[in-house]
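Q:
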Amino acid sequence: MNAGIQNLVISLGAMQVARKIPFDDPDILNYARIGYLATQFIILGIYYYISMTIKRKNDQTVLKYVEPSTPMSGEEGKLVTTTVRDYDLVETSKLLRSVYLGIAMMGFLHGYMKFTQPLFIQSLMGLKNLYDAKLVAIHLFGKPAEGDLKRPFKSPPGLFGGKSTGPQTDNAAITEAEKRVGSKKEE
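Position one of the sequence shown corresponds to residue 1 (full-length UniProt numbering), numbered consecutively onward.
#1: How long is the line joining the alpha carbons of I50 and Y36, rounded to whole angstroms?
#2: Could you please give me the residues that DSSP links to K64 through a beta bridge?
#3: Using C-beta distances below 7 Å, list every residue in its chain close to A145, excluding the 5 sequence neighbours before and after it, in chain order.
#4: Is it buried or exposed for P118, if we count other Cβ within 10 angstroms and need 16 for buried?
#5: Express the C-alpha separation of V136 and K143 in angstroms, rounding to a whole number.
#6: Below 8 Å between beta carbons: does that hold for T53 and S123?
#7: Leaving aside the five residues before and after M15 along the sequence, list all residues of the same chain whose C-beta is less than 8 Å from its C-beta, in chain order.
#8: For K57, count the other beta carbons within 10 Å of its own beta carbon; 16 or more makes it buried, fewer makes it exposed. Which is it?
#9: Among the residues of its own chain, which have a CB less than 7 Å from the CB of R33, if the five just before and after it don't count?
#10: Just the C-alpha distance for D148 and V84, rounded to the nearest angstrom, thanks.
#11: Do you know offhand how far K20's Cα is from E91's?
#12: Measuring CA to CA, which of I42, V66, G45 is closest to G166?
#13: Output yes or no for whether 8 Å exceeds the beta carbon distance between G126 and I5.
#14: Between Y47 and L96, how many whole angstroms is the CB-CB distance? I'm expecting something under 8 Å.
#15: Is there at least one non-hydrogen atom of the ligand SAM closer than 7 Å to the beta-carbon of L101?
#16: Among K179, T169, E176, V181, which has the Cα closest to the Cα of V62?
#17: Does DSSP put S69 in a helix, a strand or coil?
#18: Would M106 be called buried (16 or more neighbouring beta carbons within 10 Å of its own) or exposed?
#19: Using C-beta distances below 6 Å, list every residue in its chain close to G74, excluding the 5 sequence neighbours before and after it, in chain order.
Structure (structure tokens):
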């Protein structure tokens, strides 16, 4: 099943369950808050562990790919040359930013708007997103970096399927990008 559809199904199911939870009870509300905070600390701790693992492995394998341009810019893709270590650290930073953004949104929704159901839903979704993270599969579960886990990671297909998008790793695209970079330096 597509990850977008899985997220939708889990969110809708969690909303139905959250409706049955009596958040009016201060004890239950405090348990929901504690559960949410514990989940976020677990997620942040695992991402910290993964970043330390990446630094400890220090994989200096060169990784070349062509980063796709934005759809409406009309520009050509940009050639990126990096190492597996640096690529993984950048991807970990993206995951951490999404966690921080979620915490900020929850702070607004629960702290300012006084919504309680999102505490429960975001606890579940945070754990699901942690489980789905490719870096978690590679560095925590020890899966080999092949297939869907091959670097550079491709974006998952949209909600209704379609093709997964992402960086181009074929030799023709890399050679073409290197030629463009070389011709710009000569000008």
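No residue lacks a Cβ here, since even glycine has one placed at the ideal position from N, Cα and C.
A: So, from the data block:
#1: A direct Cα-Cα distance of roughly 21 Å separates I50 from Y36.
#2: The secondary-structure analysis by DSSP pairs K64 across a beta bridge with T81.
#3: I138, R151, listed in sequence order.
#4: By the 10 Å Cβ count, P118 comes out buried.
#5: Distance between the alpha carbons of K143 and V136 is about 9 Å.
#6: No, the pair does not count as a contact, with Cβ atoms beyond the cut-off.
#7: Taking M15 as the centre and dropping the five residues before and after it, the same chain places the C-beta of Q117, I121 closer than 8 Å to its C-beta, in chain order.
#8: The residue in question, K57, is exposed, as its Cβ has fewer than 16 Cβ neighbours within 10 Å.
#9: Close CB contacts of R33 within its chain, under the 7 Å cut and outside five residues either way in sequence, are with L119 (chain order).
#10: Between the alpha carbons of D148 and V84 lies a distance of about 16 Å.
#11: The straight-line gap from Cα to Cα measures roughly 37 Å.
#12: Ranked by Cα distance from G166, the first of I42, V66, G45 is V66.
#13: Not in contact: G126 and I5 (Cβ atoms no closer than 8 Å).
#14: Indeed, because the Cβ distance is near 5 Å, the residues count as touching under 8 Å.
#15: In terms of ligand content, the structure shown is empty, and the ligand SAM therefore cannot be addressed.
#16: When C-alpha distances from V62 are compared across K179, T169, E176, V181, the shortest belongs to T169.
#17: In the structure shown, S69 sits in coil (DSSP, three-state: anything other than H, G, I, E or B).
#18: Here M106 is buried: its Cβ has 16 or more other Cβ atoms, across all protein chains shown, within 10 Å.
#19: The answer is none, since no qualifying residue turns up.
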